[in-house]
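For the record, the sequence lines run as chains A and B. For the first sequence, our numbering begins at 1 and goes up steadily by one. For the second sequence, our numbering begins at 1 and goes up steadily by one. Working notes, beginning with the structure itself.
Protein chains: 2
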Amino acid sequence: MKPRVFLVDDHELIRAGIRTELSDTVDVVGEADEVDAAIAMILERSPDVVLLDVHLPGGGGRAVIEGVRAHNETVAFLALSVSDAPEDVISLIRAGARGYVTKTIAASDLAEAVAAVAAGDVVFSPRLAGFVLDAFRDLPAGTSADPEFEALTPRERQVLRLIARGFSYRDVSVELGVAVKTVESHVSAVLRKLQLSNRHELSHWAHERRIL
Amino acid sequence: MKPRVFLVDDHELIRAGIRTELSDTVDVVGEADEVDAAIAMILERSPDVVLLDVHLPGGGGRAVIEGVRAHNETVAFLALSVSDAPEDVISLIRAGARGYVTKTIAASDLAEAVAAVAAGDVVFSPRLAGFVLDAFRDLPAGTSADPEFEALTPRERQVLRLIARGFSYRDVSVELGVAVKTVESHVSAVLRKLQLSNRHELSHWAHERRIL
DNA sequence: CCCGCCATCAGGATCGACCCTGAGACCTGC
DNA sequence: GCAGGTCTCAGGGTCGATCCTGATGGCGGG
């Protein structure tokens, strides 16, 4: 049973190329060259996989995914792009693409990728997978081992966590069952030890280090 | 040139299995069964790839990655686990693993995976890749279209962005070249329109919607 | 031309954030 | 028992955040 595939790309030539190259392994059930038409036809024909170009007139591939998702259609999207810019990859992943390959891919590999996505798998060319993971980790490279954090007393760390979540001094005092003045003392100590000057910097500091 | 591989797993049997199954395709340059020994030996022998069990006495696979990273060693980690629980996968990725496969993998596939990771690629079994992407997207499903945000005037949105970044009123007034009192007016309007009560909630609100 | 929306700013008030000094209670180790 | 660290709290002060009322000038539409 060949997967039913829908093509979205604004270049007629590329659509034609894909259509002929994949004709043995998939059923191409439709094509579109811009966002609105793509959404409408995808909803109408419910393909198994949508091969989606990143750059499109009318909002880009992302708009197509969001448009289709808005109608509760569950279609697998495989992004197919000339670009391997991290922003593009990340953007499509966030929108919900289950795969991302560049147009330099060999026809046979593309057929495999389509089959994999149709089967519910996720497909990424290795280079792009690297980007995704990097963005996923997102921690600033050289950030680890905090002698400053080690200098904090247990109580101070506890207060730090609460303040970083946006708690007011009063909130914290209630939460810990102590006086507001006590909370002030702890916060002052924390800010001094970490060499920060206010709760916003503290919040940033904590989020960067994933102290929650 | 066979990749130099280091094994970390607390089960002698499993290490033995891997060692014999992979003996044709990789050089096993060392083994360890707990965190501290693993870190020390990895630093000493600088393997190309570390095959790392998720669950280990002494802190888990994550502790190994962090320990090695703390010494500025650049080693590729491939997590190898009986577990495919999303928390485990996510945790290892955050720590810096460049791949994650389960122990049900066939020996030949494992050899391929090791080679791929050694070459700088990223390897994931399809099931796990799905988890990673799901966590990566993370946005609450139904969050889009904000009639409240639409109600803001251009100037108000501009002020909102700056405030959400932690700017003080004075900072914003300098940045925009207007009086502090004007900034106050705009912020008040924003908070009222969005039904928030302070800059912390505003910051949360903006970050959730990725308005930066 | 007047009305409404927007952007600008002031005066005046309240409350929370943050700092500094100082102090009592408790615990641990020498 | 004393020194040192932690946790607790108070007094008193500065400054920023937030709100309310109210006022001015520009700009666009009926």
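C-beta: ideal position from N, C-alpha, C; glycine also. These figures come from a predicted structure and were not determined experimentally.
Beta bridge counterpart(s) of residue i as assigned by DSSP
i              : result
residue 123(B) : 99(B)
Residue i - containing alpha helix (DSSP H), residue span
i              : result
residue 249(A) : Within the shown structure, residues of chain A are numbered from 1 to 212, placing residue 249(A) beyond reach of any answer.
residue 173(B) : 169-176
residue 109(B) : 107-118
For residue i, the three-state DSSP class (helix, strand or coil)
i              : result
residue 4(A)   : strand
residue 92(A)  : helix
residue 80(B)  : strand
residue 149(A) : helix
residue 194(A) : helix
residue 283(B) : With chain B running from 1 to 212 in the structure shown, residue 283(B) is simply not present.
residue 23(A)  : coil
residue 207(B) : helix
residue 38(B)  : helix
residue 142(B) : Summary for residue 142(B): the model assigns pLDDT 36, below 50, so the residue's position carries little reliability; its value from the coordinates is reported in the next sentence. Three-state DSSP puts residue 142(B) in coil, outside helix and strand.
residue 18(A)  : helix
residue 165(A) : coil
residue 57(B)  : coil
residue 182(A) : helix
residue 188(B) : helix
residue 63(A)  : helix
residue 11(A)  : coil
For residue i, the first and last residue of its enclosing beta strand (DSSP E)
i             : result
residue 49(A) : 49-52
Any non-hydrogen atom of the ligand NAP within 7 Å of residue i CB
i              : result
residue 157(B) : What this structure holds is no ligand at all, so the ligand NAP is not there to describe.
Meets three-Cβ-pair contact criterion under 8 Å: the region 48-58 of chain A and the region 6-18 of chain A: yes
The region 101-113 of chain B in contact with the region 14-33 of chain B per 3-pair CB rule at 8 Å: yes
Between the region 187-202 of chain A and the region 22-36 of chain B, do at least 3 Cβ pairs fall closer than 8 Å? no
Using a beta-carbon distance cut-off of less than 7 Å, what residues from the region 151-170 of chain B approach chain A? 166
Determine which residues of the region 182-200 of chain A have a Cβ less than 9 Å from any Cβ of chain B, and write them out in chain order. 198, 199, 200
At a cut of 8 Å, does the region 163-172 of chain B reach the region 199-209 of chain B through at least three beta carbon pairs? yes
State whether the region 36-47 of chain B contacts the region 17-24 of chain B, with contact taken as three or more CB pairs (one from each stretch) at a distance under 8 Å. no
What residues in the region 53-75 of chain B bring their beta carbon closer than 9 Å to a beta carbon of chain A? 66, 69, 70, 72
If contact means a Cβ-Cβ distance below 9 Å, which residues of the region 10-33 of chain B contact chain A? none
With contact counted as at least three CB pairs below 8 Å, one residue from each stretch, are the region 146-161 of chain A and the region 114-127 of chain A in contact? no
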